[in-house]
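**Q**
There are 4 protein chains.
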Amino acid sequence: MRLLLAPQLNPATETGWRRTWFDIIYRHDTPPSRNFDLILVVAILASVLVIMFDSVPRFHERHARALYLVEWAFTALFTLEYALRLVVVRRPLRYALSAWGLIDLLSILPTYLSLLLPGSQSLLVVRILRILRLFRILKLTQYVEESGILIRALWRSRRKIFVFLCAIMTVVVIFGALMYLIEGPEHGFTSIPTGMYWAIVTMATVGYGDISPATVPGRFFASILILIGYSVIAVPTGIYTAELASSLREASGMPGHHDARGCPECGLEGHDPDALHCRGCGVRLPAPMG
Amino acid sequence: MRLLLAPQLNPATETGWRRTWFDIIYRHDTPPSRNFDLILVVAILASVLVIMFDSVPRFHERHARALYLVEWAFTALFTLEYALRLVVVRRPLRYALSAWGLIDLLSILPTYLSLLLPGSQSLLVVRILRILRLFRILKLTQYVEESGILIRALWRSRRKIFVFLCAIMTVVVIFGALMYLIEGPEHGFTSIPTGMYWAIVTMATVGYGDISPATVPGRFFASILILIGYSVIAVPTGIYTAELASSLREASGMPGHHDARGCPECGLEGHDPDALHCRGCGVRLPAPMG
Amino acid sequence: MRLLLAPQLNPATETGWRRTWFDIIYRHDTPPSRNFDLILVVAILASVLVIMFDSVPRFHERHARALYLVEWAFTALFTLEYALRLVVVRRPLRYALSAWGLIDLLSILPTYLSLLLPGSQSLLVVRILRILRLFRILKLTQYVEESGILIRALWRSRRKIFVFLCAIMTVVVIFGALMYLIEGPEHGFTSIPTGMYWAIVTMATVGYGDISPATVPGRFFASILILIGYSVIAVPTGIYTAELASSLREASGMPGHHDARGCPECGLEGHDPDALHCRGCGVRLPAPMG
Amino acid sequence: MRLLLAPQLNPATETGWRRTWFDIIYRHDTPPSRNFDLILVVAILASVLVIMFDSVPRFHERHARALYLVEWAFTALFTLEYALRLVVVRRPLRYALSAWGLIDLLSILPTYLSLLLPGSQSLLVVRILRILRLFRILKLTQYVEESGILIRALWRSRRKIFVFLCAIMTVVVIFGALMYLIEGPEHGFTSIPTGMYWAIVTMATVGYGDISPATVPGRFFASILILIGYSVIAVPTGIYTAELASSLREASGMPGHHDARGCPECGLEGHDPDALHCRGCGVRLPAPMG
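Protein chains in written order, with my numbering: chain R, 1 to 290; chain S, 1 to 290; chain F, 1 to 290; chain Y, 1 to 290.
1) Start and end of the alpha helix (DSSP H) containing Thr20 of chain F?
2) Output yes or no for whether 7 Å exceeds the beta carbon distance between Ser55 of chain R and Ser191 of chain Y.
3) Can you tell me whether DSSP reads Gly262 of chain F as helix, strand or coil?
4) Which residue marks the beginning of the alpha helix (DSSP H) containing Glu71 of chain Y, and which one marks its end?
5) Is Pro110 of chain S close to chain F? Criterion is C-beta to C-beta, closer than 7 Å.
6) Name the two residues that bound the continuous alpha helix (DSSP H) containing Cys166 of chain F.
7) Between Leu268 of chain Y and Phe74 of chain Y, what straight-line distance do the alpha-carbon atoms span, to the nearest angstrom?
8) Using a cut-off of 7 Å between C-beta atoms, extract the partners of Ser212 of chain S located in chain F.
9) Using a Cβ-Cβ distance cut-off of 7 Å, determine whether Arg284 of chain Y contacts chain R.
10) Could you pull out every residue in the same chain whose Cβ sits closer than 7 Å to the Cβ of Arg130 of chain S, ignoring the five residues on either side in sequence?
11) Starting from Pro236 of chain Y, find everything on chain F with Cβ-Cβ shorter than 8 Å and list it in chain order.
12) According to the Cβ coordinates, are Asp210 of chain R and Ser212 of chain Y closer than 7 Å?
13) Can you give me the C-alpha to C-alpha distance between Met254 of chain S and Tyr208 of chain R, rounded to a whole angstrom?
14) Which stretch, first to last residue, makes up the alpha helix (DSSP H) that contains Thr111 of chain F?
15) Going by CA-CA distance only, name the one from Y:Ser223, Y:Ile239, Y:Val235 and Y:Tyr112 that's closest to Ser157 of chain Y.
16) Just the C-alpha distance for Leu38 of chain Y and Asp104 of chain Y, rounded to the nearest angstrom, thanks.
17) Note down the Cα distance separating Gly16 of chain R from Val42 of chain R, rounded to an integer number of angstroms.
18) Does any residue of chain R have a CB that is nearer than 7 Å to the CB of Thr170 of chain Y?
19) Are the CB atoms of Leu225 of chain R and Phe175 of chain R within a distance shorter than 7 Å?
20) Between the stretch 180-208 of chain Y and chain R, which residues of the former have CB atoms less than 7 Å from a CB of the latter, in chain order?
21) How many Å lie between Ile51 of chain R and Leu178 of chain F at the Cα?
22) With a threshold of 7 Å between beta carbons, is Ser147 of chain S in contact with chain R?
23) Using only CA atoms, which one of F:Pro185, F:Phe53, F:His28 and F:Arg94 lies nearest to Pro57 of chain Y?
24) May I ask you to list the residues that DSSP assigns as paired with Arg94 of chain F?
25) Against chain S, with Cβ distances strictly below 7 Å, would Val56 of chain R count as a contact?
26) How would you label Thr237 of chain S, buried or exposed, when you count the other beta carbons within 10 angstroms and need 16 or more for buried?
27) Are the stretch 151-167 of chain F and the stretch 20-29 of chain Y in contact at 8 Å, needing three or more beta carbon pairs?
28) Going by other Cβ atoms of all chains shown within 10 Å of its Cβ, with 16 needed for buried, is Thr20 of chain Y buried or exposed?
29) Near Val172 of chain F, which residues of its chain fall below 8 Å by C-beta distance, leaving aside the five closest residues on each side in sequence?
30) Return the chain-ordered list of same chain residues with a C-beta closer than 8 Å to the C-beta of Val283 of chain F, the five sequence neighbours on each side being excluded.
31) With 16 as the cutoff for other CB atoms within 10 Å, does Ser246 of chain F come out buried or exposed?
32) Given Cys281 of chain R, which residues of its chain have a CB within under 6 Å of its CB, disregarding the five upstream and five downstream residues?
33) For Arg219 of chain F, return the contacting residues in chain Y, with the cut-off set at a CB-CB distance below 7 Å.
34) Which residues in chain S sit within 7 Å of Ala245 of chain F, going by Cβ to Cβ distance?
35) On the DSSP letters alone, give me the boundaries of the alpha helix (DSSP H) that Asp210 of chain Y sits inside.
36) On the CB-based measure, 16 or more other CB atoms within 10 Å of its CB, does Ile295 of chain Y come out buried or exposed?
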């Protein structure tokens with residue numbers, strides 16, 4: 001069917017270098033674009049690690065200057081990449097306002113803002129959202145099909161899990177209020193929301209122990225809540241396993257196809273392999289490689 | 001088969017407004033009754049939120065007056081609704097003594113009682129049971145079938161889960177007594193019931209840490225108990241998953257039908273779609289819509 | 001086939017009252033024997049509750065005298081029952097040395113020994129093993145088939161679970177030693193066994209928090225151990241669910257039969273319905289009722 | 001097919017005793033080699049137990065001399081075994097550099113090094129890796145097939161579990177940074193890595209309680225993280241169960257064969273039953289017994 005396509009009139013061919021960089025940044029099936037993706041993954045991971053270590057007081061004190069320079073280097077790199085992304089697509093505003101465009105912006109903006117608003121340590125933490133950019137690249141790899149199956153099964157079981165969570169939340173509200181009555185503020189149950197926090201921590205078998213029942217009736221009702229949680233912990237597992245099994249069955253009969261083309265107009269990715277036009281802005285897509 | 005039904009002689013048609021309000025309150029398939037349900041859900045949720053925040057000391061002190069007024073507004077609203085429910089059914093007493101009728105009463109009574117018995121803060125917490133009223137409305141929605149499958153599977157596995165809980169409780173009693181012997185009161189195991197509370201908290205992998213073994217043999221037996229709990233945590237999951245799978249198989253061949261008619265006599269809901277008479281009081285039901 | 005049996009030459013028919021009591025105690029299919037079982041279940045549960053409450057200091061101080069008398073009443077009752085059991089079987093020694101006979105003895109002996117050895121509080125806790133006597137009666141009820149399926153699936157998966165536990169224990173030993181090296185005694189990891197106790201508590205997601213890593217590398221390796229535990233928590237569930245499914249499939253084609261006759265010679269129970277002779281001592285069994 | 005094999009020209013037949021000991025050490029299907037394996041298993045387990053107890057301060061102080069002698073006895077035994085292993089294979093260096101050869105060396109080296117570097121307690125803990133030597137013997141028993149099924153299912157689900165762990169780690173990074181912002185160092189969240197440690201401990205439902213949220217928004221987001229963890233705890237279970245079921249189906253049609261021959265040249269084990277040559281060094285293998 002692809003043989004019947006009209007000759008490729010790629011709308012992004014105005015200038016040579018823009019076309020070249022468009023292919024490098026928005027395609028994922030040519031050697032240069034794969035290298036670009038790889039460099040981006042490494043840069044994102046390294047920059048997230050730098051943000052993490054920068055938050056450790058011991059590191060921050062000792063290597064403050066080095067961390068500062070490294071962070072600016074990453075910010076410069078990501079700014080350059082962001083600028084390139086905007087330049088090589090035809091409608092930069094459209095890209096800038098898309099979800100990926102906003103995440104791109106969010107991962108460089110805090111560094112610049114910190115110049116204007118000194119002491120805004122908390123603002124810098126926002127840069128950790130850069131990690132979300134990984135998924136843009138990850139979703140175009142061989143893992144996309146695997147995660148597709150997992151997500152489809154989650155999606156199918158959403159209603160059952162919603163009903164389940166409603167029931168859980170009702171139990172949480174009732175036991176939270178009950179323990180607030182029984183144990184009271186002197187044992188840490190200072191309010192009903194605190195009791196609900198304790199009930200969630202208990203039912204999900206996390207059990208921090210920051211708040212725990214100290215009276216005999218309190219421990220009795222806590223034991224009942226634990227046994228309820230222990231009995232129903234099976235429910236989401238049962239739901240999910242049953243749905244996953246049927247998803248796997250379907251998946252085995254269905255070829256997993258993912259397309260590596262980005263729209264030259266707005267940068268949207270994830271088109272169907274036989275799509276001729278971008279599903280976001282309707283522009284003609286480049287022909288798929290291979 | 002419904003075509004063969006005699007002409008609808010609805011027993012609730014005495015007066016126009018009672019008929020109208022009956023349809024609004026007890027039916028769930030007309031636009032006005034759907035709006036009524038929606039308002040009720042919002043009011044219940046808002047009122048539960050108010051009770052929650054009222055229990056937080058900081059909120060209570062600052063907004064005591066506002067919270068007091070809002071609570072009385074909700075109580076007035078629910079009282080009006082309760083009165084209407086009693087007025088529009090033929091046998092109000094029957095409705096008042098049903099499970100839903102009692103929950104309706106319980107969610108307004110504490111506020112009135114607090115006028116007679118000042119300082120009865122704990123009484124006010126009882127109002128949180130209002131949250132149960134949500135299920136009356138929830139059970140008539142599209143989620144009813146989903147929860148039906150989940151509950152049917154739980155019901156089928158009840159015997160196996162009972163046997164399982166018996167075995168668990170025996171292990172809990174024996175390890176509770178054992179740890180009481182080994183660790184003794186100086187490490188928090190002040191009695192056998194306390195040891196049993198610890199054993200439940202441990203087996204269910206909650207692990208608060210408010211009581212934990214401190215001696216070498218105590219830690220040894222605790223490790224054994226943990227490994228037992230870890231090995232058998234699979235049992236209820238296995239039981240439930242197996243039963244759920246067979247429930248899902250049956251459900252796929254069975255149309256999910258839920259009936260939106262309430263009995264005009266006693267207000268009972270949840271009749272079969274082809275039921276002609278209320279299964280609670282035998283009175284003739286209105287014809288199903290659509 | 002039972003019609004072909006020779007006329008019943010029951011070997012326990014020497015005296016009328018012994019025959020009568022044998023049937024009451026060791027059979028479970030006649031009205032008097034069912035009543036006897038019921039009384040025994042209630043007495044065992046009540047006596048276990050008394051032992052539990054006796055261990056609570058507050059109860060013990062206030063009701064010491066009453067608890068003492070009640071305990072002696074239960075001991076007298078169980079002694080009488082034990083004597084009867086020995087009298088009505090032909091070979092009392094054989095019964096006394098069987099597993100059930102020893103549990104019967106263990107549940108009365110500590111009370112008598114406490115007269116000789118005053119202050120032996122810990123000895124009295126042994127009486128809690130009375131709870132095991134419940135299973136003697138429970139195993140003859142309708143729940144026997146349910147538990148049979150659960151146990152058969154556990155038994156089938158024993159090898160896989162053994163391999164799994166071996167792998168877990170190796171991880172526990174290595175991480176226990178590693179954390180002992182990294183964290184050391186100053187953070188609670190006082191020895192390798194203590195480290196192993198911590199590793200078990202961590203992998204099984206119990207997490208008391210009595211010992212927890214405090215250094216950066218310690219927390220890093222703890223996170224890895226947690227992720228290992230979180231990933232493999234699925235393994236026993238998977239094993240058990242798969243085996244349970246096949247057990248359930250087989251069980252549906254197989255009638256569940258349980259026999260209510262006890263051996264008049266040695267008191268052994270749980271014979272096949274078509275057994276003519278006791279599988280323990282070879283004596284002829286009474287014919288099954290109905 | 002084995003009947004067609006050429007007459008066995010075993011390359012290890014130079015001297016009688018080397019041949020004899022090769023068969024004892026590297027084969028696992030003759031009575032003497034089975035006894036050798038058994039002695040080795042007991043020696044390894046005993047020596048690991050000694051290392052464990054040696055780390056307990058109380059034991060170390062009281063039995064320091066005895067533990068020292070026992071440890072040297074085990075080291076002598078394992079050194080002798082290591083020397084024999086090297087002597088009886090043709091290419092000792094090849095064996096010495098293989099994985100098993102290195103583990104063999106690691107389990108004796110620390111004791112000798114402790115003579116040169118006194119006070120190197122931590123070095124001695126390395127000897128606990130001896131426990132890994134158990135798997136060399138275990139993998140030739142009847143359990144090999146069971147563990148094979150478990151591992152094959154894990155291997156098949158590796159991609160899905162990798163995707164799952166990526167998603168989990170992203171949630172961990174974001175919530176770790178979020179809690180570092182909200183709770184801050186005063187409540188124990190001293191850095192983003194600490195927040196991530198807390199998020200892992202929380203999501204996996206371990207919940208030590210060494211760090212726990214203390215502010216209202218902190219508890220709110222902690223509750224959300226717990227509910228996320230509680231909902232997705234089903235995912236690896238579902239993945240693994242589905243894969244295990246298909247592994248079990250395949251395994252039932254496939255005979256489990258394991259070969260008990262070791263290579264006379266380099267000591268490599270685990271050959272296919274119909275292998276004529278070592279897959280490691282290409283030398284001709286001895287014929288399988290029986």
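All C-beta atoms in this analysis are idealised placements derived from N, C-alpha and C, irrespective of residue type, glycine included.
**A** Taking the coordinates as given:
1) Gly16 to Tyr26
2) yes
3) strand
4) Pro57 to Val88
5) no
6) Arg158 to Ile182
7) 24 Å
8) Tyr208 and Asp210
9) no
10) Ile44, Ser47, Val48 and Ser107
11) Tyr230, Ser231, Ile233 and Ala234
12) yes
13) Its pLDDT being 45, under 50, Met254 of chain S is placed unreliably in this model, and the coordinates cannot settle the point.
14) Leu109 to Leu116
15) Y:Ile239
16) 17 Å
17) 28 Å
18) yes
19) yes
20) Tyr180, Leu181, Thr190, Ser191, Ile192, Pro193, Thr202, Thr205 and Gly207
21) 29 Å
22) yes
23) F:Pro185
24) Bridge partners of Arg94 of chain F: none, in fact.
25) no
26) buried
27) no
28) exposed
29) Met196, Ala199, Ile200 and Met203
30) Pro11, Arg90, Cys263, Pro264, Glu265, Cys266 and His277
31) exposed
32) Glu265 and Cys266
33) Tyr197
34) Ala242
35) From DSSP, Asp210 of chain Y is part of no alpha helix (DSSP H); its letter is neither H nor E.
36) No information on residue 295 of chain Y is available, as it lies outside the stretch 1 to 290 that chain Y covers here.
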